[in-house]
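Protein chains in written order, with the numbering used here: chain B, 1 to 405; chain W, 1 to 405.
Quick notes on the structure that follows.
2 protein chains.
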Amino acid sequence: MIRPIQDVDLDRLARLLLGYLVEPANRELGQLIRERGPVSALGSVLAGHASAGLCGAVAARLGAEKITGSARDLSSFADRAETRAARLGIRIITPDDAEWPTQVDDLVRISRPGGLAVDRDTDPPLCLWVRGAMPLNEATERSVAVVGARAETPYGGRLATELAYDLASRQWTIVSGGAFGIDASAHRGALAAGGTTVTVLACGLDRPYPAAHASLFDSIAEHGLLISEWPPGAAPYRQRFLTRNRVIAASTLGTVVVEAGLRSGARHTLGRARLLGRSTMAVPGPVGSAMSAGCHVELRDLGTRLVTSVDEIVEEIGPVGALAPIPRGAERPRDALDPAVARLLDGLLPGPARSAETIAAEVGVSGRDARRGLPLLVAGGFAIQVEGRYRLAPAGRLDEAGGDT
Amino acid sequence: MIRPIQDVDLDRLARLLLGYLVEPANRELGQLIRERGPVSALGSVLAGHASAGLCGAVAARLGAEKITGSARDLSSFADRAETRAARLGIRIITPDDAEWPTQVDDLVRISRPGGLAVDRDTDPPLCLWVRGAMPLNEATERSVAVVGARAETPYGGRLATELAYDLASRQWTIVSGGAFGIDASAHRGALAAGGTTVTVLACGLDRPYPAAHASLFDSIAEHGLLISEWPPGAAPYRQRFLTRNRVIAASTLGTVVVEAGLRSGARHTLGRARLLGRSTMAVPGPVGSAMSAGCHVELRDLGTRLVTSVDEIVEEIGPVGALAPIPRGAERPRDALDPAVARLLDGLLPGPARSAETIAAEVGVSGRDARRGLPLLVAGGFAIQVEGRYRLAPAGRLDEAGGDT
């Protein structure tokens, strides 16, 4: 059913206002919206027809903004917010917009009462502030989260950059936070490949955090998108990063942790991906590196898949059947030999030629098997026959690197 | 049923002779011995009552040694072999000896026709040549294989040494090959801890291979054991290393690969452990290191367990329930806070004190929740109250490292 334009506008207005008045991910508010729609939900929390905690939080915000809950005040506040956002090059999108990334609504699955995320609310975003030209749904349709420690090592930084570069080169969008370390390295890799990258901030888009990333964020907005659930002006509080992580996990088909300490926001994001049934991946690193310790726990104890290359990441998130080739060493000529014949090769010396019988006794086969097999080694270029005796051909030594490889 | 001494002696003689006459692991011979006993099996292969391949191989060896199959010749050959071994400080043990490591007989499970190991025969050893004072069964009762690449990196060498040192310190015996690289590093770690270590060679114990390890092998024989299925004089052929690997896997409760290239004998040993149902473990390393590539394939695609410490190895091979603690980061004071209260902490500034209402609006809770929660933060030492307003206590900043950890 297509609703009248007016309702959509009111829904959008209500979501925008609720986005200012309530911290994101609130399960109670999400439930109200799903039951009654955004406009009615807004009315309820303004009229005190919801929990004391939720109504009180809304009242506190209204008081701080010095606005009443009257329709005129609210409408004028929303107008100012839209105008201010537009001036900053920021647009506001809601589930009614064509570019809404519908995959984030999967968060409802883990947010319902009795849902899986017990540590905090994980409801889908009410609306998103967006900076950058590309439609958000297109940007994230084929995307993977590449996240990790702020305190990246040179090893981790190089890998994050390379993996993001390779993914972006194959038209995968990178999604990450805006932090120092792995997040920034991943964005830089994607940008270097001329690809699309999306930064999910935990504060207003007008407040680049960390401030040193202001120009990085400008590049990202030019070639990809900056998005946030928080309106302009919102500060980057610690709890907001934890709330934000669910959006990174829900926007993408899978999350790759490149480096993570034992206590790491990246592992929190991976946990959200796991709850959502998205692919969870981690890159191994040197034992003893604190920045790989979190990855190793994930790989050992939490069912996270080990990945070392773009092929292996795409195997997890790509179309079914896109299996990464299992890495194999180079084939060697002797691989093609029948094991019984390969055994004879052990009895050949580079120096003096020996009889088939001597070679048979040496390697423990019958004289007949030796007389049958040695000509095959000659034909294969492994052996040279000299007056009915056999010695190793120069080519046969090529992979005689000893047995204990 | 206790058999007469004489039968045991004859069985031992037959096994010793068969150990000279037939390459180890031969499935057909093992089957004959299980059906008829070693004496009758020896008689069969000497009389040509077995496959042409097996009988011909025995005939070739007899010819090379210039002995007939007569009882007198064989007995005299065996006497000389025993005397020669004794002079070298080597004893010969068979399943009739108390120190026989019965766990190696599990190899029958994968060796039977229709068994799992299809690439070559994997029958249990017929007998073992042993150098060193400790009974072999005691040495290997509580043992773990630590194996890996010859071309170890400094990283892998250090880890092999440390893990073997730690395992040996906890009274675990190390079992490995005698190669350069990881094998030698593991033995050295065990020796440094004053522990027991066992080297399984793929040649005669009188022929140290590689020769540069002669003095290492002397130390191992002094503090542990050198063992082989091949009699003195046997050369270290490539195929013998592959045959030998099953003994390393079968002697131990599990196999740890520390470093391995994609084509690695260590992975072959791990495959044997897998077929036997022993624990299979691998240590991760830097992506991009060729010497960790084999480990990563094992961890990704073959169900090998990732291990980074002795605790994690012991969890795999130790008594049921000896779970390694999952590594955790240090606890921080704010971990103990209720999430709703932790949220208030975000609204406290180190500078000016703010009212409960301002803080409530800032972090998105009700004024009432703020007035209830802020005193808890004061009590916990996170906040300071100044004339009814609140600011961050110096201790509260201790773990204010920002959110995007």
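Using N, Cα and C, we set each Cβ at its ideal position, and we do this for glycine too.
Check your understanding: Would Tyr390 (chain B) count as contacting chain W if we go by Cβ distances under 8 Å?
Key -> Counting from one through the first sequence, the residue named residue 390 (chain B) turns up at place 390. For Tyr390 (chain B), the answer is no, since every Cβ of chain W falls outside 8 Å of its Cβ.
Exercise for review: Return the Cβ separation of Arg391 (chain W) and Ala353 (chain W) in integer angstroms, given the expectation that the two are a contact with Cβ distance under 8 Å.
Suggested key: Along the second sequence, one-based indexing puts residue 391 (chain W) at 391. Along the second sequence, one-based indexing puts residue 353 (chain W) at 353. About 4 Å; that satisfies the 8 Å criterion.
Exercise for review: Check each residue of the stretch 150-170 of chain W: if its Cβ is closer than 7 Å to any Cβ of chain B, include it; give the result in chain order.
Suggested key: Arg150, Tyr155 and Leu159
Review point. Listing by chain order, which chain B residues have their CB less than 9 Å from the CB of Pro284 (chain W)?
Key: Locating residue 284 (chain W) in the second sequence gives position 284, counting from the first residue. Residues of chain B passing the Cβ test: Pro284, Gly285, Pro286, Val287, Ser292, Cys295, His296, Leu299 and Leu306.
**Study point:** Contacts of Glu23 (chain B) in chain W (Cβ-Cβ under 7 Å)
**Key:** On the first sequence, position 23 is the one that residue 23 (chain B) refers to. Those are Gly364, listed as they occur along chain W.
Review point. Just to check, is the beta-carbon of Gln103 (chain B) closer than 7 Å to a non-hydrogen atom of the ligand SAM?
Key: Annotation note on the ligand SAM: not contained in the displayed structure, which lists no ligands.
Review point. For Pro339 (chain B) and chain W, any beta-carbon pair shorter than 8 Å?
Key: Your numbering for residue 339 (chain B) matches position 339 in the first sequence. Yes, because at least one Cβ of chain W sits closer than 8 Å to the Cβ of Pro339 (chain B).
Review point. Where do the ends of the alpha helix (DSSP H) carrying Leu54 (chain W) lie?
Key: As a working mapping, residue 54 (chain W) is identified with position 54 in the second sequence. Note, Leu54 (chain W): alpha helix (DSSP H), Ala52 to Glu65.
Review point. Looking at chain B, which residues of the stretch 353-378 of chain W have a Cβ within less than 8 Å of any of its Cβ atoms?
Key: Glu357, Thr358, Ala360, Ala361, Glu362, Val363, Gly364, Val365, Ser366, Gly367, Arg368, Asp369 and Ala370
**Study point:** Partner residues on chain B for Gly63 (chain W), Cβ-Cβ distance less than 7 Å
**Key:** For the purposes of this step, residue 63 (chain W) is taken as residue 63 along the second sequence, with counting starting at 1. Per Cβ cutoff of 7 Å: Glu357 and Ala361.
Practice item. Count the other CB atoms, across all protein chains shown, that sit within 10 Å of the CB of Ala406 (chain W); report buried if there are 16 or more and exposed otherwise. Key: One cannot answer for residue 406 (chain W) here, as it falls past the ends of chain W, which runs 1 to 405.
Practice item. Using a cut-off of 7 Å between C-beta atoms, extract the partners of Gly56 (chain B) located in chain W. Key: One-based indexing of the first sequence puts residue 56 (chain B) at position 56. The contacting residues are Ser366, Gly367, Arg368 and Asp369.
Practice item. Give me the Cβ distance between Leu32 (chain W) and Arg61 (chain W), rounded to the nearest whole Å; I'm assuming they're in contact under 8 Å. Key: On the second sequence, position 32 is the one that residue 32 (chain W) refers to. On the second sequence, position 61 is the one that residue 61 (chain W) refers to. Not a contact, Cβ separation roughly 17 Å.
Review point. Are the C-beta atoms of Asp346 (chain B) and some chain W residue less than 8 Å apart?
Key: In the first sequence, the residue the question calls residue 346 (chain B) occupies position 346. Yes, Asp346 (chain B) counts as interfacial toward chain W.
Exercise for review: Tell me, please, whether the CB atom of Gly53 (chain W) is closer than 8 Å to any CB atom in chain B?
Suggested key: What you label residue 53 (chain W) is simply residue 53 of the second sequence in a count that begins at 1. Output row for Gly53 (chain W): interface = yes.
Review point. Under a three-way DSSP split, which group does Met291 (chain W) fall into?
Key: Translated into positions along the second sequence, residue 291 (chain W) becomes position 291. In this structure, Met291 (chain W) counts as helix in the three-state DSSP scheme.
Exercise for review: For Arg36 (chain B), collect the residues of the same chain with a Cβ closer than 8 Å to its Cβ; drop the 5 residues on either side in sequence, then sort them by chain order.
Suggested key: Locating residue 36 (chain B) in the first sequence gives position 36, counting from the first residue. Ser44.
Practice item. Note down, in chain order, each residue of its chain lying with its Cβ closer than 7 Å to the Cβ of Leu159 (chain W), except the 5 sequence neighbours on either side. Key: As a first step, residue 159 (chain W) must be located in the second sequence, where it is residue number 159. The residues are Val258 and Val283.
**Study point:** Inter-stretch contact at 8 Å, needing at least 3 Cβ pairs: the stretch 333-345 of chain B / the stretch 10-19 of chain W
**Key:** no
Review point. Per DSSP, what kind of secondary structure is Arg263 (chain B) in: helix, strand or coil?
Key: As a position in the first sequence, residue 263 (chain B) is number 263, starting the count at 1. Arg263 (chain B) falls in the coil class under three-state DSSP.
Point to revise | Leu349 (chain W) and Leu377 (chain W) closer than 8 Å at C-beta | key: The residue labelled residue 349 (chain W) in the question sits at position 349 within the second sequence. The residue labelled residue 377 (chain W) in the question sits at position 377 within the second sequence. Taking 8 Å as the Cβ cut-off, Leu349 (chain W) and Leu377 (chain W) do not qualify as a contacting pair.
**Study point:** Distance, Thr252 (chain W) Cα to Leu225 (chain W) Cα
**Key:** Taking the second sequence and counting its residues from 1, the one referred to as residue 225 (chain W) is at position 225. Taking the second sequence and counting its residues from 1, the one referred to as residue 252 (chain W) is at position 252. Using only the alpha carbons, I get a separation of about 14 Å.
Exercise for review: Could you have a look at Ala383 (chain W) and say whether DSSP puts it in helix, strand or coil?
Suggested key: Indexing the second sequence from 1 puts residue 383 (chain W) at position 383. It is a strand residue.
Practice item. Report, in whole angstroms, the separation of the C-beta atoms of Leu29 (chain W) and Ala41 (chain W), which I expect to be a contact under 8 Å. Key: On the second sequence, position 29 is the one that residue 29 (chain W) refers to. On the second sequence, position 41 is the one that residue 41 (chain W) refers to. So it is a contact: roughly 6 Å between Cβ atoms.
Review point. Is there contact between the stretch 148-155 of chain W and the stretch 259-277 of chain W, where contact requires at least three CB pairs shorter than 8 Å?
Key: yes
Exercise for review: Could you check the C-alpha separation between Arg87 (chain W) and Glu312 (chain B) for me, to the nearest Å?
Suggested key: Residue numbering aside, residue 87 (chain W) sits at position 87 when the second sequence is read from its first letter. Residue numbering aside, residue 312 (chain B) sits at position 312 when the first sequence is read from its first letter. If you take the alpha carbons of Arg87 (chain W) and Glu312 (chain B), they lie about 56 Å apart.
Check your understanding: Listing by chain order, which chain W residues have their CB less than 7 Å from the CB of Ile326 (chain B)?
Key -> The count along the first sequence starts at 1 and reaches residue 326 (chain B) at position 326. Val297 and Asp301, listed in chain order.
**Study point:** Three-state secondary structure (DSSP) of Ala145 (chain W)
**Key:** To locate residue 145 (chain W), count along the second sequence from 1; it is residue 145. The answer is strand: DSSP assigns Ala145 (chain W) an E or B state.
Review point. Chain W beta carbons: is any one of them nearer than 8 Å to that of Glu312 (chain B)?
Key: As a working note, residue 312 (chain B) is residue 312 in the first sequence. Chain W, which has a Cβ nearer than 8 Å to the Cβ of Glu312 (chain B), makes this yes.
**Study point:** CB contact below 8 Å: Ala47 (chain B) versus chain W
**Key:** The count along the first sequence starts at 1 and reaches residue 47 (chain B) at position 47. With 8 Å as the cut-off, Ala47 (chain B) does not count as an interface residue toward chain W.
**Study point:** Beta carbon of Pro231 (chain W) nearer than 8 Å to that of Trp100 (chain W)
**Key:** Translated into positions along the second sequence, residue 231 (chain W) becomes position 231. Translated into positions along the second sequence, residue 100 (chain W) becomes position 100. Result no, Cβ atoms of Pro231 (chain W) and Trp100 (chain W) do not sit closer than 8 Å.
Review point. What does Thr239 (chain W) touch in chain B if you count any residue whose Cβ is under 7 Å from its own?
Key: Residue mapping note: residue 239 (chain W) aligns to position 239 of the second sequence, counting from 1. Checking the sequence, you will find Gln at residue 239 (chain W) rather than Thr. Within chain B, the residues near Gln239 (chain W) are Ala342, Arg343 and Asp346.
**Study point:** Cβ-based burial, Ala14 (chain B) [other Cβ within 10 Å; buried from 16]
**Key:** Walking along the first sequence from the start, residue 14 (chain B) turns up at place 14. Buried, because 16 or more other Cβ atoms sit within 10 Å of the Cβ of Ala14 (chain B).
Exercise for review: Please compile the residues from chain W whose C-beta is within a distance smaller than 7 Å of the C-beta of Val273 (chain B).
Suggested key: Mapped onto the first sequence, residue 273 (chain B) falls at position 273. The residue you asked about is not Val; residue 273 (chain B) is Ala in the sequence shown. Residues of chain W passing the Cβ test: none, with the nearest at roughly 17 Å.
Review point. Quick one: complete beta strand (DSSP E) runs, 3+ long, within the stretch 150-210 of chain B?
Key: 173-176 and 197-201
Point to revise | Proximal residues of chain B, C-beta to C-beta of Arg15 (chain W) below 9 Å | key: To locate residue 15 (chain W), count along the second sequence from 1; it is residue 15. Chain B residues near Arg15 (chain W): none, gap ~16 Å exceeds 9 Å.
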